[in-house]
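Structure first, then comments.
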Amino acid sequence: MTPTNNKLKVQDVEISLATIDNQDYISLTDMAKGKNDEARAADIIKNWIRNRSTLEFLGTWEILYNPNFKVVEFDHFKKEAGLPTFTISVSNWVESTSEIYQETFKRYLYKYGKQQTT
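Under the numbering used here, the residue at position 55 of the sequence shown is numbered 55, and the numbers go up by one with no gaps.
Below, the structure is given as structure tokens:
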């Protein structure tokens, strides 16, 4: 499961693309770096993923395309989303809801989002 890496340039920002097991992934970290500096990329992603609309989108996508998605765990996040005290990271999301991605996430330590092509 060694990734094939490519780069895509969007508005003068290089964004890493990885193909793992014939699935394409786009670096969320690189996209966030384009919005702000590298030090803030993790904060940007955390703020984006804690948004209720984002969580609902991710949950819907996972329900449709991930047969191992843990819906009960997702419901806990969804109930808390939007509250000022709610925080979540990509690793929290992956470890709690998406065991299918855990090995890839832990091995490559990238914050990639799966590219939807259909």
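All residues carry an ideal CB built from backbone N, CA and C; glycine is no exception.
When DSSP states are grouped into helix, strand and coil, I63 belongs to the helix group. Rounded to whole angstroms, the Cβ separation of V10 and K33 is 12 Å, and the two are not in contact under 8 Å.
Nearest to V72 by alpha-carbon distance, out of Y25, W93 and Q23, is W93. Inter-segment contact for the region 78-91 and the region 44-57 is present: three or more beta-carbon pairs are separated by less than 8 Å. Cβ-Cβ distances below 6 Å link A81 to R52 and L55 in the same chain, with the five nearest sequence neighbours on each side left out; the list follows chain order. Here DSSP, grouped into helix, strand and coil, assigns K70 to coil. Spanning the alpha carbons of I63 and R40 requires a straight line of approximately 30 Å.
Going by DSSP, E14 is part of the beta strand (DSSP E) stretching over V13 to I20. Residue pairing by DSSP places N5 opposite A18 in a beta bridge. Assignment of I88 by DSSP, reduced to helix, strand and coil, places it in the coil class.
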